[in-house]
Structures are given as structure tokens and as C-alpha cells.
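To keep things clear, I will list the structure first and then write my remarks on it.
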Amino acid sequence: MKLRRGAGKAHHGSKRKTGARGGAAALEEFEDAGSPVGARLRRRAESSATFDELLDGDFGDLTASESERDGAAIVINVSSGRCRVFHDGVEKDCLLPPQIATRQKSMLAVGDRVALETADGGNWRVRAILPRHSVLARPDPLNPHLQRLIAANIDVVINVVSLKTPPLRPRLIDRFLIAIFRGGAQPAICVNKIDLVPPEDRERELAPLLPFAGLDVPIIGCSTRSGEGLDALGELLRGKTGALVGHSGVGKSSILNALDERLQIATGGLHKRGTGRHTTTSSTLHDLGGGTFVIDTPGIRELGLWNLDRDTLREYFPEMQAAAELCRFNDCTHLHEPDCEVKARVATRSIHPARYDAYVRLSEEMGETAR
Ligand code: GDP
Ligand code: ZN
């Protein structure tokens, strides 16, 4: 496999703000199998990076030199102390240096470009991580101050949802959109299992998605059973690196299999051999050919918003941006100020009330946790 584009491209200038540094002590990777107790304890003191630090590629000793940026490998899977990469047209197993291995879920992600070096015994080892043009991150469920990387260098992140089994949860979509916007990738929404809803019921069943229709976010209805919408999905991903994210059971693996029948990823919560439950526990990058790569991610039931506070939250509601320019106060929170254009547009429904409600709820949530 050839790298599709120059690794280490500078990320675009977005309005990202870094927010407060998460400086709390952390006990990370606690669940990693085979991790010596002593190493676990040493990890207590690790603190989290800011979003800009995740992207800018200043990784201390692990920063790639100019010459290392050429011929970088791309990470396709990360496991305890190791990763698998594409490099020079072949897949390779690589060791991780201790600086990465001790907090690998926050340091290295599928999609990362890495420079390799040879280690003892003819092994390959990751030497440096290249700057990222985007990331998708979430807080560690056990320690909200610590971010965990889900994927890196993605162009488009598709939030896969289904109308039934599991039921639609629009408030989880709000959260995914925020996380995607923040990380610098383009979001899209894929409504799978559309075959479960008869055509005459679709308008009613799809109504909860209307709040998202006014955003510049593609919404694609699809079914891996009927094949509906798969072409549109393939078109959206063509020539890009995409990631499929969402609740487990919505059909992420089925969609990947439908996009490329060679993949044969286990689906339906059942192991391929029929022995016990299968859940995707780590992200994997799949090469669909033609410069298209798709990352399959573990199901996410709840999505915390890492390092986000009340003051930065409103930047990630794109429909409020233009209105905010017309609010009386520059730093209007759109919650209680007079002459607030956002609230005026909510009243006339040119900003969807459900999205505004989501904003208010998240803001309240952050007010409680941040102070
Ligand atoms: P994942 O957990 O998001 O990867 O979901 P899976 O791909 O494992 O799919 C979960 C279940 O939904 C499986 O039983 C699939 O057969 C089923 N499924 C996937 N896509 C569709 C679809 O378009 N229509 C219907 N009716 N079922 C689907
Ligand atoms: Zn306002």
C-alpha cells in the first residue's frame, strides 16, 4: 500500500481553542492485559495533552525530523506494546518505545503516521510520530481529564446510527458532532437499517434527524440489507480516510463488509466461529483500494467531551456562529443575555430548538463539572 498523501501536512487553521489543561494524575491503561503492576503505578503521574498538542506534532523525543517524515508508515492497529503498520507496501509488526507503550491509548492512534527504526532482534520499532491533521478523541471513562485517541488523520468521520435496534439517540449525535468538529475532521451522519422502516413511515421516523439537516453535514440513509445508500456512502469516502463511529449494533462492521466484500469483519455481536460474543475493542484501518481507507472503531455508548468547557462549547455549534456575530455582547453565551440573536433565531426556528436545547443542556452539564 502506498501512502495516499504527504504525511505530516500542517493542519488547517481552525478556531480550535485549547481549553484548560487536564493536569490531574491518572492511572491509565489499567485494563491492559500483561501490564506489570510497577509499570501501572508509574503511569499515575501522566497528565493529558491539550488538543493543539495532539495535532502539532511536538512529541518531545518522539518528534519526527524532516528526513523521518518521508517514507512514514501508517498505523493500522494498536495493541499492548505493539502496533501494526503499512510501510513500503507491506504490513509490519512494530514494537512501541516505552514513552508510547506506557500510555499508548493517549499517545498513538490508528491512522497515525510514524517513523520506524530497527530494534534488537531484527524487530521494527516506532521512533517518532508525525504531526496530525486531525484527531478523534474522547475522555477516558475512568479519568475525564485524560484523552484517549480513537483515530488520527481522518478526513471524514461518519457517525453511524440506526432508527431501530438500537433506537436513534439524537443527543448522542450532538456529542459526536462536537467531538468531530473539534478534532478537525468533516462529520457525516449515516442512518443505517433504513430497510426496517416502511417507506410510508420514513418521514415520521426520520423527523428526529431534522435538527441536523440545516448543518453542513451530509446525512445518508442506507441499508446493508437492501443496498440502499451504499453508493452514496462509498462516494463520500472515495479517496479519503474515513472513520465509522457510533453505538455498537448500528451496523458499522456490516457497512464495511458491504463496501468491500473482501473484508469479512465479524458482525452481529457474534464471533466468527460462533464462540461467544464479539465486540470490536480497538480501531482498525482497512484499505479499500483506490486511496480510500476506513477505520472501524469500537462501539461507543456514551461520549464524554474531553477538555471542553462552557466558553468553548458554543464554537462547536456551527449554526450559531453567524448569529453570534449579531448578538449584543461579543462573549454572549446565548443563555441569558439580552439582544441575543441566537435566541431570536431559535424563536423563529431558523436555528432548530432541539439543537439549542442540546447546547443549553451541555452548557449546564459543563457548568456543574467545570466549577
Ligand atoms: P456494529 O456493532 O455497529 O459493527 O454492528 P454490526 O455490523 O455488527 O451489525 C449489528 C446487527 O445489525 C447485525 O445483526 C447485522 O446483521 C444487523 N444489520 C446491519 N446492517 C443492517 C441493515 O442495514 N438492516 C438490518 N435490518 N440489519 C442490519
Ligand atoms: Zn447570543
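Position 328 (the sequence shown) corresponds to 327 in numbering that gives the first Met the number 0; numbering is contiguous.
The beta carbon of each residue, even a glycine, is placed where N, CA and C say it ideally should be.
Computed from a predicted model, the values in this text were never measured in an experiment.
Cβ-heavy atom distance, residue i to the ligand ZN, below 6 Å
i, result
"H351", "no"
"C331", "yes"
"C93", "no"
"V341", "yes"
"C189", "no"
"C221", "no"
"C82", "no"
Status (buried if at least 16 other CB within 10 Å, exposed otherwise) for residue i
i, result
"E363", "exposed"
"A23", "With a pLDDT of only 26 at A23, under 50, the local geometry of the prediction cannot be trusted, and no value is derived from it."
"E318", "buried"
"G366", "exposed"
"S349", "exposed"
"R354", "buried"
"L361", "buried"
"E28", "Low local confidence applies: a pLDDT of 26 at E28 is under 50, so the model's placement there is unreliable, with the coordinate-based value given in what follows. Buried, since its Cβ has 16 or more Cβ neighbours within 10 Å."
"R66", "What sits at residue 66 in the sequence shown is Ser, not Arg. Burial call: exposed."
"G228", "buried"
"A206", "exposed"
"K163", "exposed"
"A63", "buried"
"F316", "buried"
"V89", "exposed"
"F180", "buried"
"Q103", "buried"
"P198", "exposed"
"A108", "buried"
"L145", "buried"
Contact check, residue i vs residue j, beta carbons under 7 Å
i, j, result
"A71", "L129", "yes"
"C221", "N256", "no"
"L148", "V134", "yes"
"R224", "D259", "no"
"R344", "A322", "yes"
"D295", "T311", "no"
"V249", "V159", "yes"
"L95", "N122", "no"
"A150", "G183", "no"
"V84", "V77", "no"
"L214", "I157", "no"
"V341", "H333", "yes"
"V155", "A187", "yes"
"T240", "I99", "no"
"R174", "L302", "yes"
"T266", "S252", "yes"
"G245", "T291", "no"
heavy atom of the ligand GDP below 6 Å from residue i C-beta
i, result
"L195", "yes"
"S282", "no"
"G267", "yes"
"K192", "yes"
"G183", "no"
"G248", "yes"
"R224", "yes"
"G241", "no"
"G238", "no"
"S253", "yes"
Cβ-heavy atom distance, residue i to the ligand MG, below 6 Å
i, result
"K163", "Looking at this structure, you won't find the ligand MG anywhere; what it does contain is the ligand GDP and the ligand ZN."
* Kindly provide the ranges of any beta strand (DSSP E) runs that are 3 or more residues long and lie completely inside the segment 117-202, ordered along the chain. => 123-128, 134-139, 142-151, 155-161 and 185-191
* Asked: Can you list, in chain order, the stretches of the alpha helix (DSSP H) that have 4 or more residues and sit fully within the segment 75-118?
  -> 97-100 and 103-106
* Unbroken beta strand (DSSP E) runs of length 3 or more, entirely within the segment 192-251: which are they? -> 218-220 and 240-244
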